[in-house]
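All remarks here apply to the structure that follows.
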Amino acid sequence: MRRVILAVTGTVAGLVALLTFKTHTGEPSEAALSPAPAQAGTGSTTTTVLPAGERAVTGNVANTVYGPVQVQLAVKANKIVKVSILEQPSSTEHDLQIGQFAFPKLIAETLSAQSARIDSVSGATYTSGGYIKSLQSALDNGV
Amino acid sequence: MNNSTPVAGISARVRHAEHVMGTVVSFDVPVFARHEGILQAAVRWLHWVDRVFSPYRPDSDVSLLARAEVTVDACAPEVAEVIAACAFLSDSSGGYFTASPGGQFDPSGFVKGWAVERASQLLSAAGSADHLVNGGGDVQCAGGRAPGEGWRVGIVNPFHAGQLALVVAGRDFAVATSGTAERGLHIVDPVSGRPATGLASLTVAGPSLTFADAYATAAFAMGDALAREWTESLEGYEAFAITDDGATWQTSGFSRYIAVD
Amino acid sequence: MASAVRPGALLAIIGAGAAAVLVLWWHSTLAISGLGGWLTGAGEVLGLLSGYGVVVLVLLMARVTPIERGVGADRLARWHAMGGRYVISLITAHALLIIWGYAVSAQTGLLHETDALLTTYPDVMMATVAWFLLLVVGITSARAARKRLRYETWYYLHLYTYLAIALAFSHQFADGAAFVSDLAARFWWSALYLVAAALVLWYRVVVPLRAVVRHGFRVAGIRQEAPRTVSIYVKGRRLRELQAEPGQFFRWRFLARGMWWQSHPYSLSAVPSDDLMRITVREVGDDSNMLRSLRPGIRVIAEGPFGAFTPGRTGRSVLLLAGGVGIAPLRAMFAALTGKITLIYRASSWQDIVFRPELDAIAEAKNATVHYVVGTRTDLGVDPLSASALRQLAPGLHRMDVYLCGPPGMTGTAVAALTEAGVPRRRIHYESFEF
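What follows is the structure in structure tokens.
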């Protein structure tokens, strides 16, 4: 019986740790590609076509309800593999990761606005950086 | 190998977000599209468009053309096609749609919607009858998300991040919205040279995203009064607008797109 | 001596594999958010671990020679049983979490989502059948169930695990986020399964057949040693090449009617010569008539030798402690060992004592001591194998190497008594089976 308890608690603890770390994301990465006005990332515009290697996409500083945010995404093989916040709202008391707490809040607002059940969102064009805080991004992440 | 027919049930679908052309293109496609490389083909198309048309890449056809380092003949044939379409649109919008904002050749306003619509056509040709592609806020749908249903697209509330102003729904349609909701992207009235006034957001819905996108951009640049008149005159395309002070207006046929809950 | 994989090393390898699987999941996952994301993420992790776990379970029982030598068949069987329970739980949790997670993300009900998964996702139906098969295998392998089942039935049911693994394989690639768009991941995962399959085929099919051809095992004769104990003599060619050591066992498959599908682990009860081996078996249940029906000339497939229960060469005095038919391997050791040996042979009645003449002869030749401790507990009144009793029977016990073989209950109490008598754990060697 003791072994069973150990196995169960060990597995659950491991899962929680893994998933928590996955929602808290990592470090910035290499060459910038998109029209980011002279931001971070190391210069050279690579023309490597996906899926080989990672590339960084840096957004403009975007105004969010929490203050100015600048986000850098690392994209590999069509997928966002890392999101890093380069500039964060200084007034926020919350955790760094916009994605983590903003989405539930935003979705709640959406639902209360109209119980929408939408498939997609149309709005003024967002850049890659602005995308992160967008409703479309929440939809894409399957929330 | 795959035994599933494209059943458009909610759970047989996959979402994918691709960073390209300076924005994010979101796909909602059936599972088999991702599995069989169909999605990848559409994504490759978008990246090709980026390489050829991006004004931020010094070696793209568009940049070379802008610097007059090549002629149109030496570019990809799609470039000529784009230039011709822009000319037509510029004509029919009285100059409010332009491929050379501020005198510099940059058809990005047209290219995004056009590329997304083409991506949707690629998906359809490869067997995906029901899908949705959203390029940075401009949406092209095919079919519906389930048999008998359409696709539901929310329109962002320009005054309140995270809220919707309206939900539109339909089958085989496109929605494009112009506005100033994101800092740093201003639609400039090409005639007066100053930022357009009067409108916070303008949405155009119709069968083709290429046109919906271009019409929305042009109409927004016209400002409140002119836009209302011009969009009413468009055949097959309807518009919905939110003004600076929070009021809304729409063209007479737009109600058929409004979602009935 | 051939290579052997130590238990610690094997566990480390298994752990490293699991870590690699987790890395695979990490690399293939986007940032997670929301309840649906968490549930699905957990389901995916458990799914990957399950796919890896079944391979480990199969390999534990694949009779891979270096592993059998280093870890020991009894320990491998225990690990397989524990691991089997764990992996089946993982699979069940995986299935439930995926259903739930997908349902939350798609904002639909559980039943609807289950239906959608079964009918529209590729190969999920097969994987679900596989899941149920494994549940049946798991349930029927529980001790309570096995008591009620004929060994034959249990064995055939257990074979269905191979079918289950085959059925579930394709849904990993068709639906698993880690594999769907990652060719390298699919390649390495397939390689893992192929290598496991190759090892199973090699060690469970090719090696035994090769041994049959090379050594030509046949039953030479049967001898009744005691009312319920028989010795089976198996003859062959070039048996020295097998390098069987006293205390080791073989898995015997007698190609006689009704017995060919069963493989029995029986220890050698004598040091083998170049053309003859002897095993001594206590008849239990259905076996009895079968064993007695073995006629000379019947072919035998003998796999082995297996077992880590062999005497080392430490130079210390040795205590051999046998319970019931546990005398078989210890009889072989008794004959092979040198130095000061004490043998304690415990049985419930004199009728159950076997090899008495041999044991006495060996004892006299080596100047070793044999104690026959006979009688049930109730007859004797005291525990004849208590710590104090053992100290009396084997003076200087705490300095000896002790080899112990008997029924599980007896080995358990004996180990406790030996420890109490001052024998360090590392000098107590025993083998116990739960077959």
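Protein chains in written order, with our numbering: chain C, 9 to 151; chain B, 1343 to 1603; chain R, 49 to 483.
We put the beta carbon where it would ideally sit given N, CA and C, even for glycine.
Fair warning: this is a prediction, and the values are worked out from it, not measured in the lab.
Contacting residues, own chain, Cβ-Cβ under 7 angstroms from glycine 269 of chain R (five flanking each side not counted): Tyr281 and Pro344
Three-pair Cβ contact test at 8 angstroms for the region 299–309 of chain R versus the region 374–390 of chain R: no
Cross-strand partners of alanine 274 of chain R (DSSP beta bridge): R/Thr277
Within chain A, partners of leucine 23 of chain C - CB distance below 8 angstroms: This model lacks chain A altogether; the protein chains it does include are C, B and R.
Coil, strand or helix - glycine 49 of chain C by DSSP: Because glycine 49 of chain C sits at a pLDDT of 32, beneath the cut-off of 50, its placement in the model cannot be relied upon, and the following sentence gives the value as read from the coordinates. Looking at glycine 49 of chain C - three-state DSSP - the assignment turns out to be coil, as it is neither helix nor strand.
Proximal residues to aspartate 408 of chain R (C-beta, below 7 angstroms), its chain only, five neighbours per side dropped: Val418
Rounded separation between glycine 1477 of chain B and phenylalanine 1452 of chain B - CA only: 12 angstroms
Short CB-CB distance (under 8 angstroms) between alanine 164 of chain R and chain B: yes
Between the CA atoms of alanine 15 of chain C and serine 1462 of chain B - distance to the nearest angstrom: 48 angstroms
Own chain residues within Cβ distance below 6 angstroms of glycine 89 of chain R, not counting five before or after: Ile80
8 angstroms Cβ cutoff, arginine 1604 of chain B in contact with chain C: The question about residue 1604 of chain B has no answer here: the residues shown for chain B are numbered 1343 through 1603.
Closer than 8 angstroms to chain C by CB, tryptophan 86 of chain R: yes
Residue span of the beta strand (DSSP E) that contains cysteine 453 of chain R, given as start and end: Following the DSSP letters along the chain, one finds cysteine 453 of chain R inside the beta strand (DSSP E) bounded by residues 449–453.
Residues in the region 101–134 of chain R having any Cβ partner in chain C nearer than 8 angstroms: Met130 and Tyr134
Residue-chain proximity (aspartate 1566 of chain B, chain C), Cβ-Cβ < 8 angstroms: no
Interface residues of chain C facing valine 1481 of chain B [CB-CB closer than 7 angstroms]: Result: Ser128 and Ser130.
Contacts around serine 1353 of chain B, its chain only, beta-carbon distance under 8 angstroms, and the 5 residues preceding and following it disregarded: Any answer about serine 1353 of chain B is weak, because its pLDDT of 47 lies below 50 and its placement is not dependable; what the coordinates show is given next. Counting only Cβ-Cβ distances below 8 angstroms, and skipping sequence neighbours, we find nothing.
Close Cβ partners of tyrosine 208 of chain R (< 7 angstroms) along its chain, the five nearest in sequence each way excluded: Here the set comprises Leu181 and Val185.
Candidates B/Phe1553, B/Ala1601, B/Phe1515 and B/Asn1499: closest to threonine 1590 of chain B by CA position: B/Asn1499
Limits of the unbroken beta strand (DSSP E) element including tryptophan 73 of chain R: Element bounds for tryptophan 73 of chain R: not the beta strand (DSSP E) but the alpha helix (DSSP H), 55–76.
Three CB pairs or more closer than 8 angstroms across the region 114–122 of chain R and the region 84–104 of chain R: no
Pair within 8 angstroms by beta-carbon distance, aspartate 1448 of chain B and valine 1404 of chain B: Yes.
Alpha-carbon to alpha-carbon, valine 1373 of chain B and leucine 59 of chain R: Straight across, the Cα-Cα distance linking leucine 59 of chain R with valine 1373 of chain B is about 38 angstroms.
Assigned secondary structure, isoleucine 494 of chain R (DSSP; H/G/I helix, E/B strand, else coil): Because chain R is modelled from 49 through 483, residue 494 of chain R falls outside the range shown and cannot be assessed.
Own chain residues within Cβ distance below 7 angstroms of serine 145 of chain C, not counting five before or after: Tyr139
Three-way DSSP call (helix, strand, coil) for aspartate 1480 of chain B in this model: strand
Chain-ordered neighbours of leucine 211 of chain R on chain C, where CB pairs are closer than 7 angstroms: Those do not exist, as leucine 211 of chain R stays about 26 angstroms from chain C at its closest Cβ, beyond 7 angstroms.
Whole runs of the beta strand (DSSP E) within the region 314–378 of chain R, excluding any shorter than 3 residues: 324–330, 348–354 and 366–371
Within 8 angstroms, strictly: CB atoms of alanine 222 of chain R and leucine 72 of chain R: Cβ distance not < 8 angstroms, so alanine 222 of chain R and leucine 72 of chain R don't count as in contact.
Range covered by the alpha helix (DSSP H) that runs through serine 1466 of chain B: 1450–1467
Selected residue, minimal CA-CA separation from threonine 461 of chain R, among R/Glu412, R/Ile476 and R/Gln440: Selection R/Glu412, R/Ile476 and R/Gln440 evaluated against threonine 461 of chain R yields R/Ile476 as nearest (Cα-Cα).
Cross-chain neighbours of leucine 160 of chain C in chain R, by beta carbon under 7 angstroms: One cannot answer for residue 160 of chain C here, as it falls past the ends of chain C, which runs 9 to 151.
Proximal residues to leucine 1464 of chain B (C-beta, below 7 angstroms), its chain only, five neighbours per side dropped: Ala1383, Ala1384 and Trp1387
Segment contact, 8 angstroms Cβ cut-off, at least three pairs: the region 1422–1429 of chain B with the region 1510–1523 of chain B: These segments do not touch.
Range covered by the beta strand (DSSP E) that runs through alanine 1581 of chain B: Where alanine 1581 of chain B is concerned, the enclosing beta strand (DSSP E) stretches over 1580–1585.
C-beta neighbour in chain B for arginine 125 of chain C, strict 8 angstroms: yes
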